[in-house]
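Some notes on the structure that comes next.
Number of protein chains: 2
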Amino acid sequence: MNPLFHALLQKSRYITNCLNETLKQHNLYSSQWTILFCLHVHGPMTLTQIWKYLNVEAPSITRAVARLETLGWVQRVDGPDKREKIVTLSAMAKEKLPAIEKTILAFEEEMIGSMTIEEQQQFMNLLQKMKG
Amino acid sequence: MNPLFHALLQKSRYITNCLNETLKQHNLYSSQWTILFCLHVHGPMTLTQIWKYLNVEAPSITRAVARLETLGWVQRVDGPDKREKIVTLSAMAKEKLPAIEKTILAFEEEMIGSMTIEEQQQFMNLLQKMKG
DNA sequence: CTAATTTATTTACCTAGCTAAATAAATTAT
DNA sequence: ATAATTTATTTAGCTAGGTAAATAAATTAG
């Protein structure tokens, strides 16, 4: 395998693992965090809006949101279109989000702090040169 | 979440999905291919050598190699140290590997063909600037 | 030489993605 | 207005990673 792919996939796995480690203190997994963050930024969303935004398949989001609901982070309510479920952050989530965001910012700083803004931009540009 | 992480994780998932799609014609999954490739390059290896090389945890390799054995791609034999199992490619695997490698090379060319060698090198350098 | 420790693998179980197919509500075509 | 199609979500089951703990063989300490 091309070393570029190997390196990219490894780093991706490494980042996810580190992120999970960091989020342990808040009793969250990385995929749960991405959904909470999504709702934090966009406000209430349907499941479809979430999975289209995060670019994953619907069943992954169904499962993760169901888990977040049993843990008390979100509520699911029927929308005016009764096919869709609207997901909103719970009071508990809104209360805890600022502290979690702080943790995440520190994590990101530690992870890519040694790259300049130009290098980060360059990295994104090169990523986009790959197919897809 | 920092867009750099988002982009990197997305691309990583996209590559894996494309690779799986490409490997369907050989009835293989990407993780199975990485193990076969590993054995192709290094010759017979113990499970520990494989998971240390691929930088994943042991149980993932135990499972994947067991599956590869039932599918006839590899054999597991006891080593002189009876704790370890040595994994070798089957005759079927050796016969089929060249065609699979060809498929993979075409896939990689399609995936990163629009990047120059310098850009690829630069990308790797930037990846390594991230922590880990 | 026996006891304690280390090492290699496995088992059980978790998150996290995927596809395919089922269900139910809404929309479109006739 | 009914039938056919589309859309939103869910269910079932797969690969693929992770951790924690069990087992068995090898090694080290006493």
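Which chain is which? The protein sequence lines are A and B, in order. Heads up: the first sequence is residues 1 to 132, going by UniProt numbering. Heads up: the second sequence is residues 1 to 132, going by UniProt numbering. For every residue, glycine included, the Cβ atom is placed at its ideal position computed from N, Cα and C. Nothing here was measured: the structure is a model prediction, and the numbers come from that model.
Interface annotation for the stretch 72-92 of chain A against chain B: empty, criterion Cβ-Cβ distance under 8 Å. Under the 8 Å Cβ criterion, the stretch 86-104 of chain B does not count as touching the stretch 97-117 of chain A, having fewer than three qualifying pairs.
In the structure shown, Val56(B) falls within a coil segment according to DSSP collapsed to helix, strand and coil. Taking a C-beta distance under 7 Å as the contact criterion, Arg76(B) and Lys85(B) qualify as a contact pair. According to the DSSP assignment, Gln75(A) belongs to the beta strand (DSSP E) that extends over Val74 to Asp78. Of Lys52(B), Lys129(B), Gly72(B) and Gln10(B), the smallest CA-CA separation from Glu119(A) is found for Lys129(B). Less than 7 Å divides the Cβ of Tyr29(A) from the Cβ of Asn20(A). Interface annotation, Leu23(A): not in contact with chain B, CB-CB separation never under 7 Å.
Closest by C-alpha distance to Thr88(B), out of Val41(B), Leu8(B) and Phe5(B), is Val41(B). For Met45(A), the pairing in a beta bridge is given by DSSP as Val87(A). Inclusion of Leu47(A) and Ile61(A) in the CB contact set at 7 Å is warranted, their separation being smaller than that value. Collapsing the DSSP output to three states places Leu39(B) in a helix. The CB of Ala7(A) comes closer than 8 Å to the CB of Met124, Leu127 and Gln128 in chain B, given here in chain order. Non-local beta-carbon contacts of Gln25(A) in its own chain, meaning distances under 8 Å to residues more than five positions away in sequence, involve Thr103 in chain order.
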